[in-house]
Amino acid sequence: MSPFLGGSAYGMAAQIAEGYTLITAVQLKRLTLDEMGQLQFELERLARDTRAEQLPLDDIAALQARNRRLSRITGALQAIQAARAKRRPGS
Numbered sequence: 003m004s005p006f007l008g009g010s011a012y013g014m015a016a017q018i019a020e021g022y023t024l025i026t027a028v029q030l031k032r033l034t035l036d037e038m039g040q041l042q043f044e045l046e047r048l049a050r051d052t053r054a055e056q057l058p059l060d061d062i063a064a065l066q067a068r069n070r071r072l073s074r075i076t077g078a079l080q081a082i083q084a085a086r087a088k089r090r091p092g093s
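Here is the structure:
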């Protein structure tokens, strides 16, 4: 059974980006350092892809949706980095 809510690191990252799942400290406790690394990689990839989208500047709704998505991804990345820093051996 996968420790990720979406079945895979990519699935969980996509759910976080779309706002279906909020990442919490409890969810991160269930993941190993390697699994958190996989999730971090997928979130960084989604952030890159989202930033690469070219949207028309007059489409305010699409720009707001894109910025909300980036905000959710960035928040999740910060939570993962903080959890990984706490668990690192020697810290």
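Throughout the sequence shown, residue numbering follows this note's numbering, covering 3 to 93 in sequence.
Note that the Cβ used here is the ideal one computed from N, Cα and C, for glycine as well.
CB residue i to CB residue j, shorter than 8 angstroms?
i     : j     : result
GLN17 : THR26 : no
ILE82 : LEU41 : yes
LEU79 : GLU44 : no
LEU35 : ARG68 : no
ALA19 : ILE62 : no
PRO5  : GLU55 : no
Quick one: grab the DSSP three-state call for residue i.
i     : result
GLY77 : helix
GLN83 : helix
PHE43 : helix
TYR22 : coil
ARG68 : helix
GLU55 : coil
ASP36 : helix
LEU7  : coil
ARG50 : helix
Report the option in the options whose CA atom is closest to the CA atom of residue i.
i     : options             : result
ARG71 : LEU33, ASP51, SER10 : ASP51
LEU33 : GLY21, ARG53, SER10 : SER10
LYS88 : LEU30, ALA64, TYR12 : LEU30
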